[in-house]
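Colleague: Here our numbering is used: position 16 in the sequence shown is 207, and no number is missing along the way.
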Amino acid sequence: GTNQSFSAADEATFGSLSLLVGNTVQQCVFIVLDVGSSAGGGNTIEIEITASGDVAVTGASVSGTFPVQIPGTSTIRADSGTIRSPEADFDWVTGQPNWGEVIWSTTETEGDIKLRLYYTVSAACDTIVPDAALSGNAAGFDAVASPLNISGLSTVTYNRVCLEATLIAGTTVSPTLNNWALSWVPPAGVGTFNQSAYRFFQNEDGTTVVTALAALNTPALLTSQNQAFRLRLLIHRGGSALTQNGQSFKLQYAAKSGTCGAYSDVTTLSSIAFYDNPAPADGSPLTANGSLDPTHASDPVVAETYEELNNFTNSVAAIPAGQDGLWDFALRSNSAPSETTYCFRVVKSDGSLLDGYSFTPEITTAIVFAASGTYVSNPFKPSGSLPRAYNVIEWRESKTNPSCSTCSLRLQIRTAPDVGGSPGTWSVWFGPQGTGDPADYFTISRGELIPTNRNGEAWVQYRVEFSGDGSASPILEKVIINYQS
192 GTNQSFSAAD EATFGSLSLL VGNTVQQCVF IVLDVGSSAG GGNTIEIEIT ASGDVAVTGA
252 SVSGTFPVQI PGTSTIRADS GTIRSPEADF DWVTGQPNWG EVIWSTTETE GDIKLRLYYT
312 VSAACDTIVP DAALSGNAAG FDAVASPLNI SGLSTVTYNR VCLEATLIAG TTVSPTLNNW
372 ALSWVPPAGV GTFNQSAYRF FQNEDGTTVV TALAALNTPA LLTSQNQAFR LRLLIHRGGS
432 ALTQNGQSFK LQYAAKSGTC GAYSDVTTLS SIAFYDNPAP ADGSPLTANG SLDPTHASDP
492 VVAETYEELN NFTNSVAAIP AGQDGLWDFA LRSNSAPSET TYCFRVVKSD GSLLDGYSFT
552 PEITTAIVFA ASGTYVSNPF KPSGSLPRAY NVIEWRESKT NPSCSTCSLR LQIRTAPDVG
612 GSPGTWSVWF GPQGTGDPAD YFTISRGELI PTNRNGEAWV QYRVEFSGDG SASPILEKVI
672 INYQS
């Protein structure tokens, strides 16, 4: 193609174009007009080609003398722009417990408008309110989200705020922000939150639970190291309804020693950590189990979400006043210390406490045993006169878990002469063969004969080797060595 450019007054003539037609009977010519930056919005541009006057022909003829007119109107627009409100200070209005809501309206025939909240850290509204405090704020809110409930924002951290709208133009028309407003009064009055009930369950790869680990509002005990489990927890809403997505929360845990200690946020790396089940996605609606789920008096329960990460909100549905929201947390013991009790609580996403905690969930990690170990007894000298004969060794044993198939004990002994009331040189450790072979052990707890080649020794000592599976251990209750003088 051929490119031409011009900058001229009305009815100006510009450029020329040579075109070799040859024997072609009919020739079509296309003109593409690219309006430059100097054009103004609403300018009318018209192109006219008159065959008899504007088209010079060599060696042929052109039929038709009518002009070809190409009219059009240019619309000049910016792709996007932002507008920000003046800073609003929560302290301007006294006697209010919370921020209220943001209300705005737009005209969006084409394009889009996104609204976001900013707050003051060092300069006026220099920082965007994070999603942890106002879910979805980073991406921005469409007008359908109005009125936007911001009563959950901390009035300490977010004491001074601004509204900002980003306007993105359409192909020919820019959207319009009609109005916006910020209120101090919560949309439905002041509401309260109370951690009202809980129950622990075995983990399932899904949004449901099947087997309870303990009764309602009862602490639970894990049975294996790094065990996954589920916590279903109720939060009671009092005073007023909680609109959908009306409050962002997070789950915290604390080790207990007498009382619950300092709380920390549950993460994927904490001692009690979030667990990622393969099938369900974080934030999916939970599947209720009416017969097993926790209850709070006779309050109706609003099933909310299954959670594998902080933070969370009531994204499924609003919670009417006097009802309880139910959340389901997938958790695990993450190499937590053996036989340690942990407490759980929910706080608002900015760390502020709920209004009450009727019940605090507690779970104790499993007792973790070493997979193997050795015990060596003190030396002892049986009473009576020498020489003496050692006859039989036997012992009593049990298991922390009777079903542990790998839990076992095996014993060896050694003897020594008496030297001035103390053991002399000890023999090698030996079993029923008496040869000192490293594989020679007593293994029959009801009794095995002691080799006679150690008869006459004054001192005797035994050692026991324990083998378990980590979650269970053998128990040595007593050892009996029969002898005679």
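C-beta: ideal position from N, C-alpha, C; glycine also.
Spatial neighbours of C353 within its chain, please: CB distance less than 6 Å, with the 5 preceding and 5 following residues excluded, ordered by chain position.
Modeller: R275, S276, E278, Y309, C316
Colleague: Around the Cβ of Q418, are there at least 16 other Cβ atoms within 10 angstroms (buried) or fewer (exposed)?
Modeller: buried
Colleague: With 16 other CB atoms within 10 Å as the buried threshold, where does T556 fall?
Modeller: Buried: at least 16 other Cβ atoms inside 10 Å.
Colleague: Is it true that the CB of Y653 sits closer than 9 Å to the CB of L600?
Modeller: no
Colleague: Where DSSP assigns a beta bridge to C534, which residues make up the other side?
Modeller: A445, E553
Colleague: Is T643 helix, strand or coil when you go by DSSP?
Modeller: helix
Colleague: Per DSSP, A527 is paired with what?
Modeller: Beta-bridge pairing links A527 to no other residue.
Colleague: Using only the alpha-carbon positions, how far apart do E530 and V559 sit?
Modeller: 7 Å
Colleague: Assuming C353 is part of the beta strand (DSSP E), what are its boundary residues?
Modeller: 351 to 359
Colleague: Below 7 Å CB to CB, which residues in the same chain sit around D473 once its five sequence neighbours on both sides are set aside?
Modeller: E498, E499, L500
Colleague: Cutting at 8 Å between CB atoms, please list the residues of its own chain near N443, excluding the five before and the five after it.
Modeller: Rather than Asn, the amino acid found at residue 443 in this sequence is Gln. Within the same chain, Q443 has close Cβ partners Y454, S455, D456, V457, F535, R536, V537, V538.
Colleague: Going by C-alpha to C-alpha distance, which of G302, G331, L544, S636 sits closest to T363?
Modeller: Between T363 and the set G302, G331, L544, S636, the nearest pair of CA atoms involves G302.
Colleague: Tell me which same chain residues have a C-beta within less than 6 Å of the C-beta of G638, skipping the five on either side of it?
Modeller: V583, E585
Colleague: Output the distance between the C-alpha atoms of F677 and T414, rounded to the nearest integer angstrom.
Modeller: The requested residue 677 does not occur in the structure, where the chain is confined to residues 192 to 676.
Colleague: Name the residue from E355, G430, I671 whose alpha carbon lies nearest to the alpha carbon of N385.
Modeller: G430
Colleague: If you reduce the DSSP assignment to three classes, tell me which class V670 lands in.
Modeller: strand
Colleague: Please list the segments of the alpha helix (DSSP H) lying wholly inside the region 417 to 487, counting only runs of 4 or more residues, in order along the chain.
Modeller: none
Colleague: Out of curiosity, what's the CA-to-CA distance linking W620 and Q675?
Modeller: 21 Å
Colleague: By a C-beta neighbour count over all protein chains shown, 10 Å radius and 16 as the cutoff for buried, is V655 buried or exposed?
Modeller: buried
Colleague: Identify, in the order they occur along the chain, each residue of the same chain with its Cβ nearer than 8 Å to the Cβ of N592, setting aside the five sequence neighbours on each side.
Modeller: Cβ within range, chain order: C598, S662, A663.
Colleague: Quick check: the Cα distance between V284 and G382, rounded to an integer number of angstroms?
Modeller: Roughly 19 Å separates the two Cα atoms.
Colleague: I need the straight-line Cα distance from A323 to W375, nearest angstrom please.
Modeller: The alpha-carbon atoms of A323 and W375 are separated by roughly 21 Å.
Colleague: From the DSSP secondary-structure annotation, give me the bridge partner or partners of T367.
Modeller: T298
Colleague: Kindly indicate which residue of L422, I319, Q438 has the alpha-carbon position closest to the one of S543.
Modeller: Q438
Colleague: Between which residues of its own chain and W371 is the CB-CB distance below 6 Å, once the five residues before and five after are set aside?
Modeller: Excluding positions up to five away in sequence, the list reads W295, L354.
Colleague: Please report the distance separating the alpha-carbon of S540 from that of S461.
Modeller: 18 Å
Colleague: Taking the DSSP output, what are the residues bridged to P593?
Modeller: DSSP, once it has assigned bridges, lists no residue as partnering P593.
Colleague: What separation, rounded to the nearest whole angstrom, lies between the Cα atoms of G516 and I319?
Modeller: Here the alpha carbons of I319 and G516 stand approximately 29 Å from one another.
Colleague: Need the endpoints of the beta strand (DSSP E) that S387 sits in, please.
Modeller: Unbroken beta strand (DSSP E) run through S387: 383 to 393.
Colleague: On the DSSP bridge list, what partners appear for S563?
Modeller: The partner list for S563 (beta bridge, DSSP) reads S658.
Colleague: Measure the CB-CB distance between T532 and I510 and report whether it falls below 9 Å.
Modeller: No. Outside cutoff.
Colleague: On the DSSP bridge assignment, give the partners of V347 in chain order.
Modeller: Answer is none; V347 lacks a bridge partner.
Colleague: Are T643 and G659 closer than 9 Å when you measure CB to CB?
Modeller: no
Colleague: Which residue marks the beginning of the beta strand (DSSP E) containing Y632, and which one marks its end?
Modeller: Careful: Y632 lies outside any beta strand (DSSP E) and carries neither H nor E.
Colleague: When the Cα of G272 is compared with those of P338, I672, A360, which residue comes out closest?
Modeller: That would be A360, whose Cα lies nearest to the Cα of G272.
Colleague: Tell me which residues share the same chain as A470 and place their Cβ nearer than 8 Å to its Cβ, disregarding the 5 neighbours each side in the sequence.
Modeller: Only D396, G397 meet the Cβ criterion.
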